[in-house]
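Beneath this line is the structure, given in structure tokens, with notes to follow.
In my numbering, the protein residues as written are 1 to 396.
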């Protein structure tokens, strides 16, 4: 009896696990995670391909320097998970989303052992849980307004079209990228007598592709030894279906589309909210970064709190768009508050500000929405954040 008890205890402590709670009537009541560290000479991409570790997910590991400040995460963890204590079976779908490969009409199956799909599945449920808790605390629902259920497509190498769904244009913008697209408009399909049924909102993850340098004078770039290095490669392949913060970012677009119009021409508020909440779930002010991604790693990262906070310049006023110097205005604002007032307080505050925004909102509207939300906030938060808002957005 004692021997059996000892064996059970050893088995329990041999794996590190925890559960992600879901509210009643959710499709997945709990996810049990068993974590392990990969070989230090391996990569996230290689570790996720191990069949005996399926279904798998990857996460970055936060580190602190000697001053206690957060550094760029240089390590990653790969883990497996089970749903309700069992290995998932059947189609990769639930009440919120379903996952497809390419332009297929049939969802992927768990038996396909697709590591991209399992990673996206895990992180989408993690994001859904995060926002369900915000809803409960604020009693403000955006899930009811969101385009749910939605579809996720991985390994995409075609372009999106509002009338034909897919189009094989020569443009390669979706490769090495991720994007969120609106649902089909039934009226538009009827006008052209389209045989297609309306499709829901979708998140696409492009197929990773290496773009080689095309320089006639660069002889070394075309050699077998160097063409896959920075000497011969212009853009390294990267699969954003493996990058947690990008998955969170795209889901926020799905969730906030009715408020921010995220499917239209991107504006600083829509992008800022997606960046902020993606970073908040990740617990790092870095979006689009996964270390040890591939042997020739392209470490794309956006560390939006690296520079010292200054008042935002006016730019082009109401017309200031993403890419014109105001990309990180919103996420930098909320993250700077988060550092002082804590994640729970600021995550909830940012959620409340959403009520006062519309798809037409720009930075001056954002300032007004913050000040309006602050009127119902307690002191000293109200006083200090009001002063900070007036300083940070003084040009709007």
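Beta carbons are placed, not taken as given, at the ideal position from N, Cα and C, and that holds for glycine.
Pairwise C-alpha distance: residue j and residue i
| i | j | result |
| --- | --- | --- |
| residue 81 | residue 56 | 6 Å |
| residue 225 | residue 239 | 23 Å |
| residue 115 | residue 54 | 7 Å |
| residue 90 | residue 105 | 16 Å |
| residue 342 | residue 99 | 34 Å |
| residue 393 | residue 227 | 47 Å |
| residue 296 | residue 205 | With a pLDDT of 45 at residue 296, under the threshold of 50, the modelled position of that residue is not reliable, and no figure is offered here. |
| residue 241 | residue 155 | 9 Å |
| residue 21 | residue 372 | Residue placement at residue 21 is poorly supported in this model, since its pLDDT is 39, which falls under 50; the coordinates still yield a value, given next. Each residue's Cα considered, the two are about 33 Å apart. |
| residue 268 | residue 356 | 16 Å |
| residue 88 | residue 243 | 22 Å |
| residue 272 | residue 223 | 42 Å |
| residue 198 | residue 122 | 27 Å |
| residue 317 | residue 396 | Note on residue 317: pLDDT 48, under 50, position unreliable in the model; the coordinate value appears next. Those two C-alpha atoms are separated by around 7 Å. |
| residue 110 | residue 86 | 12 Å |
| residue 384 | residue 340 | 11 Å |
| residue 369 | residue 187 | 34 Å |
| residue 382 | residue 344 | 16 Å |
| residue 214 | residue 237 | 16 Å |
| residue 346 | residue 363 | 19 Å |
| residue 196 | residue 348 | 41 Å |
| residue 200 | residue 212 | 35 Å |
| residue 163 | residue 377 | 46 Å |
| residue 194 | residue 390 | 51 Å |
| residue 258 | residue 270 | 11 Å |
| residue 305 | residue 94 | 36 Å |
| residue 146 | residue 185 | 15 Å |
| residue 330 | residue 168 | 35 Å |
| residue 232 | residue 92 | 38 Å |
| residue 336 | residue 77 | 27 Å |
| residue 379 | residue 190 | 55 Å |
| residue 375 | residue 386 | 9 Å |
| residue 179 | residue 159 | 11 Å |
| residue 58 | residue 120 | 10 Å |
| residue 83 | residue 218 | 52 Å |
| residue 366 | residue 79 | 39 Å |
C-beta contact flag for residue i and residue j at 8 Å
| i | j | result |
| --- | --- | --- |
| residue 472 | residue 148 | The structure shown has nothing for residue 472, since the chain only spans 1 to 396. |
| residue 388 | residue 334 | no |
| residue 157 | residue 207 | yes |
| residue 254 | residue 150 | yes |
| residue 108 | residue 117 | yes |
| residue 260 | residue 359 | yes |
| residue 176 | residue 137 | no |
| residue 143 | residue 354 | no |
| residue 252 | residue 203 | no |
| residue 338 | residue 309 | no |
Backbone secondary structure at residue i - three-state DSSP
| i | result |
| --- | --- |
| residue 148 | coil |
| residue 356 | helix |
| residue 128 | helix |
| residue 80 | strand |
| residue 59 | strand |
| residue 294 | The predicted position of residue 294 is uncertain, since its pLDDT is 44 and thus under 50; a value taken from the coordinates is nonetheless stated next. Residue 294 falls in the coil class under three-state DSSP. |
| residue 168 | coil |
| residue 210 | coil |
| residue 287 | strand |
| residue 115 | helix |
| residue 93 | strand |
| residue 23 | Note that residue 23 scores 37 on pLDDT, short of 50, meaning its location in the model is unreliable; the coordinates nonetheless yield the value given after this. Residue state, collapsed to three classes: coil. |
| residue 178 | strand |
| residue 223 | coil |
| residue 109 | strand |
| residue 143 | coil |
| residue 332 | helix |
| residue 375 | coil |
| residue 100 | strand |
| residue 381 | helix |
| residue 396 | coil |
| residue 347 | helix |
| residue 199 | coil |
| residue 400 | Residue 400 falls outside the range modelled here, since the chain spans only 1 to 396, and no answer is possible. |
| residue 251 | helix |
| residue 205 | strand |
Distance between beta carbons of residue j and residue i, contact taken as under 8 Å
| i | j | result |
| --- | --- | --- |
| residue 166 | residue 103 | 5 Å |
| residue 140 | residue 352 | 7 Å |
Proximity test, Cβ basis, 8 Å: residue i and chain C
| i | result |
| --- | --- |
| residue 160 | In the structure shown, chain C does not exist; there is a single protein chain. |
Given 8 Å, three or more beta-carbon pairs between the segment 273-284 and the segment 247-263:
yes
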